[in-house]
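The block underneath contains the structure these notes are about, expressed in structure tokens.
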Amino acid sequence: MHQANLNVEGTNKATGYSLAMRWIERVLTRVTAWVTWPVRSLKLDDLMALYRRREARDNCKLSYRLEVATASGAVQAVTVRSGGGACQAPLTVGAAASAAGGARDAVEAAAPVYRFDLAAGAVLRVATSGMAWAVPAAA
1294 MHQANLNVEG TNKATGYSLA MRWIERVLTR VTAWVTWPVR SLKLDDLMAL
1344 YRRREARDNC KLSYRLEVAT ASGAVQAVTV RSGGGACQAP LTVGAAASAA
1394 GGARDAVEAA APVYRFDLAA GAVLRVATSG MAWAVPAAA
């Protein structure tokens, strides 16, 4: 039997939790002291699906290109290109920004992620609003 698989009864954190659970509690306490990112726990089936989506994304060989208005510095669009297979392309934007046509993940409001379906070799232009970019001065 493995220590992490033990279901320990009791409410005393020092003695009632398994070694793995006590380690997780300590790590999460340290992490959440510095950041407010959401912590998600996934079932093994969901974890497998996540890794398969990441593998498809990596095989997709995505590239992104910003279309910035020179006068205002506003990002008007992002062009997403698949250099490999088909995948779901993620686009992370700021809290006040939005991207047209994608499915928005509702997990993190501070940096929402929009996902776009791309076929192999496809190019997609995504209109954006609420995004700014500082264009460097010409040398």
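For what it's worth, our numbering labels the leading residue of the sequence shown as 1294, then goes sequentially. C-beta: ideal position from N, C-alpha, C; glycine also. Since the model is a prediction, treat every value here as computed from it, not as a measurement.
For Y1357, the uninterrupted beta strand (DSSP E) run begins and ends at L1355 to V1361, by DSSP.
Apart from the 5 residues on each side of it in sequence, Y1407 sits with its Cβ closer than 6 Å to the Cβ of L1384, A1392, G1395 and R1397 in its chain, given in chain order. When DSSP states are grouped into helix, strand and coil, A1370 belongs to the strand group. Secondary structure note for A1364: it is in no alpha helix (DSSP H), with a DSSP letter that is neither H nor E. In this structure, A1425 sits away from A1370, with a CB-CB distance that is not shorter than 8 Å. A1389 counts as exposed, since fewer than 16 other C-beta atoms from the protein chains shown sit within 10 angstroms of its C-beta. By the Cβ neighbour-count rule, A1382 is buried, with 16 or more other Cβ atoms within 10 Å of its own.
Contact check for V1332 and L1340: beta-carbon distance about 14 Å, past the 8 Å limit, so the pair fails to qualify. According to the DSSP assignment, T1322 belongs to no beta strand (DSSP E) but to the alpha helix (DSSP H) extending over L1312 to W1327. Around G1366, the same chain offers A1425, W1426, A1427 and V1428 as residues with beta carbons nearer than 7 Å, after the five sequence neighbours per side are excluded.
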